[in-house]
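Residue numbers (this note's numbering), protein chains in the order written: chain A, 3 to 399; chain B, 20 to 587.
From the three backbone atoms N, C-alpha and C, an ideal C-beta is built for every residue, glycine too.
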Ligand code: SF4
Ligand code: SF4
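So, in C-alpha cells, the structure goes:
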C-alpha cells in the first residue's frame, strides 16, 4: 500500500509487519515518534505484542534481551545519549547472540546539547558485535527493518537500522508499505535454537574461563563473515518479491567513474544531484553509498574502488585524534591493493550536529579534490579557520 | 547437554550456557548482610491506643477470610463493635493510604468485624485455669478489657461495679445514636462467656470493703472512671436548673425524660459537652454550646463537632460564663464574657483571656456543665491516692502490694479506646505478677500481646513504603442518616459497611510493614534463593545462595523485610 509517511513512521510500519512479540522502549528525541507510533498500534491491536514501558534505555534493551532469550521477537528504538546509556547491554545482546532489531536515529552527542543528526552515536557502537545498516530514504527504512529481522535471525546477531535525525526521521515521503501476507511469506516466525526453557533450566551468560572465551568470540566473528553473504542474498530475495533489490553497498554512475564520492545515509540523495551535474560538465564522477557497515564489505569495496583516480570520503562523524571513521575503514580496505591500483584518497568531515551538507558543499569538495586544490588527507569542511593551531592556543583557549 | 570436551567450534553453543545446576556455586558465601522477614508496626496500629492488629486483619479480609479477621480483632479487645463506633480513630489520621487516595476507614472495618464476631465462636480459647483470683473495681472499658484478657489467661476474675449494668462510660456517657445499647450488651455478654463474673450494684467502700477484696483475691485492679463535672465557679451555679453534665447525660441515656427548660447553655468543648448538646436536641431542648476557646482548640472528636453543627446546634466560641442570672427564682440567662486567645499554656493550647467589659447575656432557662471530670476515690487507702488520681507507676503498680490501677482514674487519658488499651496492658502485668514472673520496668505495649511477632520499635510510615507499587484509590463514602431524621431520634447515625464494602475497603489497605505473601521478593531474587513455604505462611531464604544484594528488601512494597548484618 502506498503511504505518505515519515522515516519514523516507516520504522513503525515495518515493525508492525515483522510481528514482534515484545517491544521495550524509552522515548528520546528524535526517535520518540517511532515508539509512539508502535505504542498506538499495540493499543489498537494492530500489533499483537507486549509493550514494556521502562525508566531508561538500559532497561529498554535489557527488556528485549530477556524476552529474546525466552525466544520472543523483539524491537526497540533509541538515539544518541539513549544509545550510549544502553552500551553495557549492547555488548550483552551481541555476546548472547540475540537477533534483536533496534532502530537508531542518528543524533549528535552532547555536549553541546544537540538533537540534530550525525553518526557519532552509532559509530561509537561499531565494535560491539552488532550489525549496522545506514538508510537513505523512508522506503529503504521499511525494507531494511524487515530484512534486518531475517538476516539477524539467520546469523544470530542483532542489527541496528540507522536513519538520520530529521532529514529522514521527520521527512515525509511516498512509501510503498508491503502487505502483511508478503512479509509473512518472507519472514517466518522466530525459532531460536537456544532459548530459555522452563522444562530444562539452564544458566545463560554464565562464567566462562579463559580456556573457552575466545571460542565464543571467534564464533561471533565468523557469524559476521557469514552475514555478509546473507545480507546480499536477502537483499536480492526482497528485490524479487517487491522489485526493490538491495546490496551491501549502492553504486551510482560508477561504471567509468574516475572521481568517486563515498558516503552513507541521506547525503547520498544530495550527492546524486551533484554527480549528475558533474557528468553533464564532463567530469567522470560516481557515488559509492555505504549501506551495510557491519559486517564491513571490505573485499567488495576494494574491488569497486581499485583503479579509480580520486576518492573523496565524506564522514558525518569523527574519531577524535584520527580521521573520520568511514575514511579509516576505506583506507584499511584499500591497503591490500597494489600501489598502481590505489586511488588518491581524501577525507572530508562535514555536517556534524545537523549542519546542512548542500549541493554546493559537495560540488566544492569534489571539484577541490579533482582540480588539486584540496591536498590535505583530511579536511574539516566549512568551519572557522584556526589561527593558533600550531601554538596550541586554539585547543586550550 | 553441553559438550564438555568440544573438538570443533561447532561443538560449543553460540553463547555461554550451563545446564548444570547453579546450586553448586554457593554465592551465599559472599554476603555481609542478609535479608530477614521482619514485620514492623504499621502507622495505623502505632496510633491505635487499643492495640488492634489492623494490617493483619485487613489482609485476612482481603484474602476472603472474614471470620479469621473477626477472631483476630476480638482476640485482645472485648469491644470492637463499640470502639468501631465511638473511637475518634487516631489510626486514620496516620494511615499511609492517606497519601494514596484517602485513609482506610479503619473504624468502619473495626465496627464491621466487631458486629461479625458477636458470637461465642469468635472468642479465643482460654488457657487452662491457674487457680488465681483477680478483683476488678470498675466495670468500664479499662476494667472489662483487663478482666477479659485475664480470664482468657486462665484466671478467675470478678468485676465490681456500683451501677446496675457494666460498661461504664460506654453505657452512661455515650448516646444511643452513637452506640446502640444492644451492641454493648452483646459485647459484655461475650465477656461473661469467658468466665468473668460481674458483681453489680456493689460499691466498694460501701457494700464491700477494699480490705476484704485484698484478702479474698490474689490481685486487685482499680479501674474506676470519672464521675461528675467540675464546678463552673461562678455565682448562681447552685440553682436547681444548673446541671452536672455527666449526671444529666446518664439520666437521659437511661431513658429518663426530666422536665427541662426549653433553651439551655451547655458549657464546655469536650466530648461530654457534644454528647449532652446532641442528646438535649433529641429530647426537644434547644442547646447553645458555650466554649471559651475557638473551634480549633476543642478537645471533642472533630467529626462529632461537625455532626453537631450539621444538626443545627448553635455555638458561642471564645465565650466563658461569668454569672448565672436569676430573676424571681428562675434562671433567665447565663451572663458571659468574650475571650481572646493569648500565649499557649502547658496543654499547648492558647490560653483564653477575658476581654474587659464584654459581658453579654445568653438567654437560657438552664445551664449544663461539662468542663472536665473527676473521680471518686474515697474508698482507697491514703497511700494509693495522689490528689485526684490513683497513684500508679508506669507498670500500673500502686504502692499497695497486689493492687494495680489503670484507666482514667489513674492516668486520665480520657478516651474509651485508651481505657481498653490500658486494660489490655495491665492484664499483662497482673498475669506476670500472678505467675510469679519478674515485672517489667514499664508495662509492655499493647502489641506485646499479639500472636505474631512484630518489631514495635519500627513504625512503617509512607517513606518506608515502596511507592512504585501503590496507585491512588479513593476512600469510600460512609453513609449517615440525614440530619433532619437524626435530630429527632436516638437511632444510630452512621450506617455500617456491608461485607462487600468491607472487602473492597480491605483491598485498599497497603498492609504496611506486614508480610502478605505478595511474592515480590521471590520474583525479584536474582539468585532464586527465596522459596515459598508449602502449606505454611511465608517464605524461607536459602542462606547458601542469597548473596545479600538486598533487592528483595528494596522491592518489598510494604517494608516487611530487613537487612541484617551477618555475624561471622
Ligand atoms: S480502636 Fe480506634 S484507633 Fe484503634 S483501630 Fe479502632 S478506630 Fe482505630
Ligand atoms: S494502609 Fe492499612 S496497614 Fe497501612 S496504615 Fe493504613 S490501615 Fe494501616
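C-beta atoms of residue i and residue j nearer than 8 Å
| i | j | result |
| --- | --- | --- |
| residue 75 of chain A | residue 151 of chain A | yes |
| residue 170 of chain B | residue 163 of chain B | no |
| residue 453 of chain A | residue 134 of chain A | No information on residue 453 of chain A is available, as it lies outside the stretch 3 to 399 that chain A covers here. |
| residue 333 of chain B | residue 302 of chain B | no |
| residue 350 of chain A | residue 316 of chain A | yes |
| residue 359 of chain B | residue 316 of chain B | no |
| residue 132 of chain A | residue 101 of chain A | no |
| residue 426 of chain B | residue 157 of chain B | yes |
| residue 487 of chain B | residue 383 of chain B | no |
| residue 87 of chain A | residue 60 of chain A | yes |
| residue 251 of chain B | residue 388 of chain B | yes |
| residue 58 of chain B | residue 533 of chain B | yes |
| residue 79 of chain B | residue 87 of chain B | yes |
| residue 25 of chain A | residue 40 of chain A | yes |
| residue 175 of chain A | residue 138 of chain A | no |
| residue 262 of chain A | residue 313 of chain A | yes |
| residue 468 of chain B | residue 95 of chain B | yes |
| residue 242 of chain B | residue 83 of chain B | no |
| residue 155 of chain A | residue 192 of chain A | yes |
| residue 75 of chain B | residue 471 of chain B | yes |
Residue i at chain C interface by Cβ criterion, 8 Å
| i | result |
| --- | --- |
| residue 205 of chain A | Of the chains in the structure shown, none is chain C; the protein chains are A and B. |
Option nearest residue i by Cα separation, candidates the options
| i | options | result |
| --- | --- | --- |
| residue 21 of chain A | A:368, A:117, A:82 and A:188 | A:188 |
| residue 94 of chain A | A:312, A:164, A:222 and A:368 | A:222 |
| residue 105 of chain B | B:582, B:195, B:235 and B:26 | B:195 |
| residue 85 of chain A | A:279, A:10, A:247 and A:63 | A:63 |
| residue 529 of chain B | B:25, B:464, B:553 and B:73 | B:73 |
| residue 497 of chain B | B:187, B:238 and B:125 | B:125 |
| residue 320 of chain A | A:205, A:4 and A:331 | A:331 |
| residue 297 of chain B | B:271, B:136, B:187 and B:314 | B:271 |
| residue 108 of chain B | B:231, B:128 and B:149 | B:128 |
| residue 556 of chain B | B:535, B:576 and B:571 | B:535 |
| residue 575 of chain B | B:546, B:547, B:560 and B:531 | B:531 |
| residue 130 of chain A | A:198, A:162 and A:23 | A:162 |
| residue 28 of chain A | A:55, A:337 and A:185 | A:55 |
| residue 130 of chain B | B:199, B:165, B:151 and B:190 | B:199 |
| residue 201 of chain A | A:72, A:14 and A:325 | A:72 |
| residue 238 of chain B | B:439, B:139, B:56 and B:150 | B:150 |
| residue 336 of chain B | B:373, B:46 and B:326 | B:373 |
| residue 1 of chain A | A:333, A:53, A:83 and A:217 | A query on residue 1 of chain A cannot be resolved here, the shown segment of chain A reaching from 3 to 399 and no further. |
| residue 424 of chain B | B:155, B:81 and B:552 | B:155 |
| residue 33 of chain A | A:285, A:10 and A:16 | A:10 |
Beta-ladder partner(s) of residue i, from DSSP
| i | result |
| --- | --- |
| residue 306 of chain B | B:283 |
| residue 372 of chain B | B:359 |
| residue 240 of chain A | Answer is none; residue 240 of chain A lacks a bridge partner. |
| residue 344 of chain B | B:352 |
| residue 317 of chain B | For residue 317 of chain B, which the question treats as bridged, DSSP gives no partner whatsoever. |
| residue 202 of chain A | Answer is none; residue 202 of chain A lacks a bridge partner. |
| residue 408 of chain B | B:405 |
| residue 152 of chain B | B:175 |
| residue 382 of chain A | A:351 |
| residue 99 of chain A | BP columns for residue 99 of chain A are empty, so no partner. |
| residue 253 of chain A | A:290 |
| residue 108 of chain A | A:166 |
Whole-number beta carbon distance between residue j and residue i, since they are thought to touch under 8 Å
| i | j | result |
| --- | --- | --- |
| residue 273 of chain B | residue 293 of chain B | At roughly 19 Å, the Cβ-Cβ gap does not stay under 8 Å, so residue 273 of chain B and residue 293 of chain B are not in contact. |
| residue 49 of chain A | residue 98 of chain A | Actually they do not touch by this definition, with Cβ atoms about 24 Å apart. |
| residue 540 of chain B | residue 549 of chain B | 5 Å |
| residue 144 of chain A | residue 103 of chain A | Actually they are not in contact, since the Cβ atoms of residue 144 of chain A and residue 103 of chain A sit about 13 Å apart, beyond 8 Å. |
| residue 167 of chain B | residue 202 of chain B | In fact, because the Cβ distance is near 16 Å, the residues do not count as touching under 8 Å. |
| residue 209 of chain B | residue 132 of chain B | About 13 Å separates the two Cβ atoms, so there is no contact after all. |
beta-carbon residue i near ligand 3 non-hydrogen atom, thresh 7 Å
| i | result |
| --- | --- |
| residue 68 of chain B | Absence of ligand 3 is noted for the structure shown, with ligand 1 and ligand 2 being the only ligands found. |
I need the residues with a C-beta less than 6 Å from some heavy atom of ligand 2; please give them in chain order. B:61, B:62, B:63, B:73, B:74, B:77, B:114, B:115, B:116, B:123, B:125, B:528, B:529, B:530 and B:531
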